[in-house]
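K.L.:
Quick mapping for you: the protein sequence lines, in order, are chains A and B. As numbered in the numbering used here, residues 250 to 570 make up the first sequence, in order. As numbered in the numbering used here, residues 793 to 1432 make up the second sequence, in order. We treat Cβ as the ideally placed atom computed from N, Cα and C, and that holds for glycine. Quick caveat: nothing in here was measured; it's all calculated off a predicted structure.
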Amino acid sequence: MRLLRYFLFRLLQMFPIALFIVVINFALIHMAPGDVSILLAGEGADPQYMEEVRQRYGLDLPLYQQLGAYIGQLLQGDLGLSFRTREPVIGIIAERIPATLLLAGTALVLASVLGVIIGAVMARRPGSAMDTAVTTLSISLFSIPVFWLGLMLILLFAVTLRWLPSSGMVSIAGPREGIGYILDVAMHMILPVLSLSAIWLGQYVRLSRASVSETLAEPYVTTARAIGFPERRVMSRFALRNAMLPIVTVLGLELGLLLSGAVLTETVFSWPGLGRLIYEAILSRDTPVIMGAFLIMSFTVMLAALLTDLLYAALDPRVRL
Amino acid sequence: MTPGLAKTVRGTLRSLPGALSLTVLAVIVAAALLAPVLGLPDPAEMAFDLYQSPNADHWLGTDNFGRDIFARVVWGARVALVVAIGAALLSILIGSVLGAVAGYFGGWIDGLLSRVFDIFLLIPTFFLILLIVALFGASLPLTIVAIALTTWPRSARLMRSQVLTLKSRVYVQAALAAGASHWWVIVRHVIPNGIAPIITDGTILMGMAILTEAGLSFLGLGDQNLVSWGGMIFEGQRHLRLAPWMSIAPGVALLLLVASLNLLGDSINFAMNPQLRTRGGAPKARTRVAPPANEPEPTAETPILEVEDLRLVYTAGDRKIAAVDGVSFSLPRGGALGIVGESGCGKSSLGSALLQTMPNNAELTSGTIRYDGKAIVLNGKPVAEKGRSRIDALRWTRMATIFQSAMNALNPVTTVRRQMMDALRLHKPGIGKEEAAARIGEVFDMIGIPRSRMNAYPHQLSGGMRQRAMIALSLILEPELVIADEPTTALDMLIQDQILGEIADLRERLNLSLILVSHDMGAVAESCETVAVMYAGRIVEIAPTRRIFDRPAHPYTRTLIGALPSLTGPLEDLASLPATDTEAAASATGCRFAHACPAATDLCRAQVPPAVDLGDGHVSECHYAEDFAAEAADPQEARA
């Protein structure tokens, strides 16, 4: 009940943010050099379609009415047509989402679970040589450009060692169903997931190290030790449980960064997700697709933030309306 | 250079990652600045020797147009640094001003700006930048502006919180009172004082900016007229199999530059807050010793707790601070001892030593603690028997503690009942659910917490109730000795009195032995029959409660009693406590209190005072103890 109310409250708060993002998008289209109708319809569109776009978006009307028309189109799920394929942008994007979710989700789970564990272990011995080494290493990890790491992994594991495929999601002549298909996809996933999670592993190790060592200095941890709880239980029941709160928050907030990493990774590995789509759209100057992708990404991040809040509220009894 | 800044710089240079990253940065900056005069081949010059692997002529090989990769990497450093510095400066400029305005004026401006900061946190910034660059055309200045447009809220947030703490500072208020305008105060006083952490964060911003620009270039949205590392990798990708060096070199350069920036920021951060590195942690393993041979069996007369010459030393950086410096006392079974002193006198450290819950930077350098005649600490080392520390066998079942509950002493994410259940089951693994529930209910009744509040989380209880919950937790396993560390601080007077009354009452009913640590002479007087006054790590006077109030024999005790407001007596000037100069006290060759004592003589400054036994358990460490004791205390100051 408490969670439901909280959820609805947070959902309401998201509306102004969504509006803000739409307005930014709208403002950018109008500020960009060139004719708005060309941006919306794509370069080289035939005059008839161009006229249709002008009508639909009310491009001859005053600006505020144009904004209204634009929001109206968006509410109908109309993100325009791809200039390249002439298909609705929303459909093109929806097609690509599962692949991106698979890649980013796997990397997120892998990096956060491993990161939290390593960080928590390091927090037990703050200032030790091991701790300093791991801290330095994790900083170096998230300083690596993710696309470059991907290339280097391809160079090593695909080109030199020939252990793993370097691109795509499935083999060309591979199985299309059953366990064989799953294994095939898994093989293709290893390298992209590895590059994406390596970068984020560094981030999460640091985050969890800081958060856990912070909670280990809290008075309730001293109470737990005075009561006589063994250190392992102090860590799990008292320190980690409380340290999860800031970790979860940051995890939710940085999803946008994770997605941008995913885009770059997909580009390197020709992974058929949103990132690859954006890359292709950039190359062919397919503006409607780029704008649509930005909107969808923004809403995804907002949704993730909402879920994070909910998770936070479930973890922390102090959250109230 | 201010001393704080000098310290930060020294600290940064001294740490290995700090020195290393500064060196790498210096090399990259030098290369970028000197690029035109290094005599390198033109980075754009095409030649016929395509795809050459690294060799003597081309240290890093050549690319698909025969261009020299080393020259291109060096020139690329310029673009990377321009992006880093430009974006960070712009971001800090916008962020500091807006953050300062939000924090300084508060109200609706703050509300509005904070909402904007929040929104920016939720926007996937890389895509926004990508969209801007895709719409407006790829150029370096535009990329820089776009990056700054999405990163400024980061600086703004930092500045806002800085300003919130700076706003109330005296010099800011003074400038305002002197008639300075708000803008003048912001520009002249607030921003310069709050900028340090923002600049530190600037190194992180620079790293982010470089990676963003590289990412854009890699997607083909880089400035086509410039040599950028990201762009080089973009081109190298297509020739990965044929000429891997084309992508390796610029990537390594990127990694080195960004990692140095991040490491530098990290090192500065730690140099500014050294405790960040070593805070918390699991308790370190301490050398344990075997119990002494032929310990006598305890009798009814054996004191429940005996402490002899206990010393606890903290290590902070290169400094050693003796927080407890040779403390001895003994507590009879069923007795109550109050330990009083101002904050920093070592009383809480003493408490943590008794419980063996000291932080890792604390060490017992000497001393013996006996519990019921059995040594639990011998010569500063924990005593273990059959592989188990003796203190562990005492925890909570025989010796429990009441912490100050306002300070998060209870786990905030677990209900009070659950916490009591966990403690109960830890020490009585076989206990049944119903029996445990019954016991918890019993303790709640005893402490006076309504059973309906059992399932509350700590934050749902009032301050007084929360403190009662802490007491209930400490009594759940019927201990013999309870150590209460400031149990009533931060509660209002009325509740303080209630809680203290309840502790005194429980003590009688349960025949508890009690150690009550407090800064409040009055709190201790009500519940303890003996009072020990601590000053700068030592017990300077110990005596039966009545005696210490009637005939205090140490000038420090006198000031403590003098500082006690009397509710019944006439209002008079309270003798204010002289501020303890810990350094002066620790380095004193004579009496520790001499530097602040109104009655100090040359003798006091030259010689450590002996422990003067005044009879009936009254001991004072003062050269003039007998003189002070002989003077009857001012009857108005003594609480009869």
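On a CA-only basis, which of Val512/A, Ser392/A and Leu316/A is nearest Leu529/A? Give me that one, please.
P.N.:
The residue asked about is misnamed: residue 529/A is Glu in this sequence, not Leu. Checked all of Val512/A, Ser392/A and Leu316/A; the closest Cα to Glu529/A is Val512/A.
K.L.:
Taking its Cβ as the centre, do 16 or more other Cβ atoms sit within 10 Å of Phe264/A, making it buried, or is it exposed?
P.N.:
Exposed, because fewer than 16 other Cβ atoms sit within 10 Å of the Cβ of Phe264/A.
K.L.:
Could one say the Cβ of Leu934/B lies closer than 9 Å to chain A's Cβ atoms, at least one of them?
P.N.:
With 9 Å as the cut-off, Leu934/B does not count as an interface residue toward chain A.
K.L.:
With a cut-off of 9 Å, does the C-beta of Gly477/A fall near any C-beta of chain B?
P.N.:
Yes, because at least one Cβ of chain B sits closer than 9 Å to the Cβ of Gly477/A.
K.L.:
Distance check for Arg254/A and Leu261/A, CA to CA, integer angstroms please.
P.N.:
So the alpha carbons of these two residues sit roughly 11 Å apart.
K.L.:
With 9 Å as the threshold, decide whether the Cβ of Ile346/A is near any Cβ in chain B.
P.N.:
Taking Cβ atoms only, chain B never reaches closer than 9 Å to Ile346/A, which makes this a no.
K.L.:
Can you tell me which of the three DSSP states Tyr843/B falls into?
P.N.:
Note: Tyr843/B maps to coil in three-state DSSP.
K.L.:
Less than 9 Å between CB atoms is the rule here; does Gly505/A satisfy it with respect to chain B?
P.N.:
For Gly505/A, the answer is yes, since a Cβ of chain B falls inside 9 Å of its Cβ.
K.L.:
To which residues does DSSP link Gly1130/B through a beta bridge?
P.N.:
Answer by DSSP bridge pairing, in chain order: Leu1308/B and Val1323/B.
K.L.:
Would you verify that the beta carbon of Val395/A is, or is not, closer than 9 Å to some beta carbon of chain B?
P.N.:
So yes, Val395/A belongs to the interface.
K.L.:
State the DSSP-derived secondary structure class of Thr1107/B, mapped to helix, strand or coil.
P.N.:
In this structure, Thr1107/B counts as strand in the three-state DSSP scheme.
K.L.:
For Phe1010/B, collect the residues of the same chain with a Cβ closer than 7 Å to its Cβ; drop the 5 residues on either side in sequence, then sort them by chain order.
P.N.:
The residues are Gly1022, Ile1025 and Phe1026.
K.L.:
In terms of DSSP beta bridges, what is Pro337/A paired with?
P.N.:
Paired residues: Leu330/A.
K.L.:
Against chain D, which members of the segment 1162-1193 of chain B pass a CB distance test of less than 7 Å?
P.N.:
Reference to chain D is not applicable here, since the protein chains of this structure are A and B.
K.L.:
Taking the continuous beta strand (DSSP E) assigned at Lys1166/B, which residues delimit it?
P.N.:
Segment Lys1166 to Leu1170, the beta strand (DSSP E) holding Lys1166/B.
K.L.:
Check the Cβ of Arg373/A against every Cβ in chain B and list those closer than 8 Å, keeping chain order.
P.N.:
Those are Gly1073 and Ala1074, listed as they occur along chain B.
K.L.:
Quick check on Ala1077/B: buried or exposed, where buried means 16 or more other Cβ atoms within 10 Å of its Cβ?
P.N.:
Ala1077/B is exposed by the Cβ-count criterion.
K.L.:
Kindly list, in the order they appear in chain A, the residues whose Cβ is closer than 9 Å to that of Tyr1249/B.
P.N.:
Here the neighbours are Pro566 and Arg567.
K.L.:
Can you find a C-beta in chain A that's less than 9 Å from the C-beta of Pro828/B?
P.N.:
Not an interface residue.
K.L.:
From this set, Gly1072/B, Val829/B and Thr854/B, which residue's C-alpha is nearest Glu837/B's C-alpha?
P.N.:
Nearest of Gly1072/B, Val829/B and Thr854/B to Glu837/B, Cα basis: Thr854/B.
K.L.:
Val408/A touches chain B at which residues, Cβ-Cβ below 9 Å?
P.N.:
Per Cβ cutoff of 9 Å: Leu1032, Arg1033 and Pro1036.
K.L.:
Ala1392/B lies in the beta strand (DSSP E); which residues open and close that run?
P.N.:
Premise fails: Ala1392/B is in no beta strand (DSSP E) and is neither H nor E.
K.L.:
When burial is assigned at 16 or more other CB atoms within 10 Å of the CB, is Trp900/B buried or exposed?
P.N.:
It counts as exposed.
K.L.:
How is Leu556/A classed by DSSP in three states: helix, strand or coil?
P.N.:
Note: Leu556/A maps to helix in three-state DSSP.
K.L.:
Using only CA atoms, which one of Ala1041/B, Glu1272/B, Pro1250/B and Met1213/B lies nearest to Ala1128/B?
P.N.:
It is Glu1272/B whose Cα lies nearest to the Cα of Ala1128/B.
K.L.:
CA-CA distance, Arg1071/B and Met436/A?
P.N.:
One C-alpha to the other measures close to 43 Å.
K.L.:
Taking C-beta pairs closer than 8 Å, name the residues in chain A that Gly1406/B reaches, listed in chain order.
P.N.:
The sequence given here places Leu at residue 1406/B; Gly does not occur at that position. Within 8 Å Cβ-Cβ: nothing; Leu1406/B doesn't reach chain A, min ~35 Å.
K.L.:
Could you pull the DSSP bridge partners for Pro282/A from this structure?
P.N.:
Paired residues: none, contrary to the question.
K.L.:
Are there 16 or more other CB atoms within 10 angstroms of the CB of Leu409/A, so buried, or fewer, so exposed?
P.N.:
First, the amino acid is wrong: residue 409/A is Thr here, not Leu. Per the 10 Å Cβ criterion, exposed.
K.L.:
Let me see if you follow: with CB-CB separation under 9 Å, is Tyr430/A close to chain B or not?
P.N.:
Not an interface residue.
K.L.:
Report, in whole angstroms, the separation of the C-beta atoms of Trp449/A and Gly1043/B, which I expect to be a contact under 8 Å.
P.N.:
The pair is not a contact, with the Cβ atoms about 18 Å apart (cut-off 8 Å).
K.L.:
Give the straight-line distance between the Cα atoms of Leu489/A and Ala459/A, rounded to the nearest whole angstrom.
P.N.:
Cα-Cα distance, rounded: 11 Å.
K.L.:
Give the DSSP bridge partners of Tyr319/A, in chain order.
P.N.:
Tyr319/A is not bridged to any residue.
K.L.:
How would you call Trp976/B, buried or exposed, if buried means at least 16 neighbouring beta carbons within 10 angstroms?
P.N.:
It is exposed - the Cβ of Trp976/B has fewer than 16 other Cβ atoms within 10 Å.
K.L.:
Within its chain, find whatever has a CB closer than 6 Å to the CB of Gly1165/B; leave out the 5 residues flanking it on each side and keep chain order.
P.N.:
Only Pro1090 and Thr1094 meet the Cβ criterion.
K.L.:
Taking 9 Å as the CB-CB cut-off, is Asn856/B touching chain A?
P.N.:
Judged by the 9 Å Cβ criterion, Asn856/B is not in contact with chain A.
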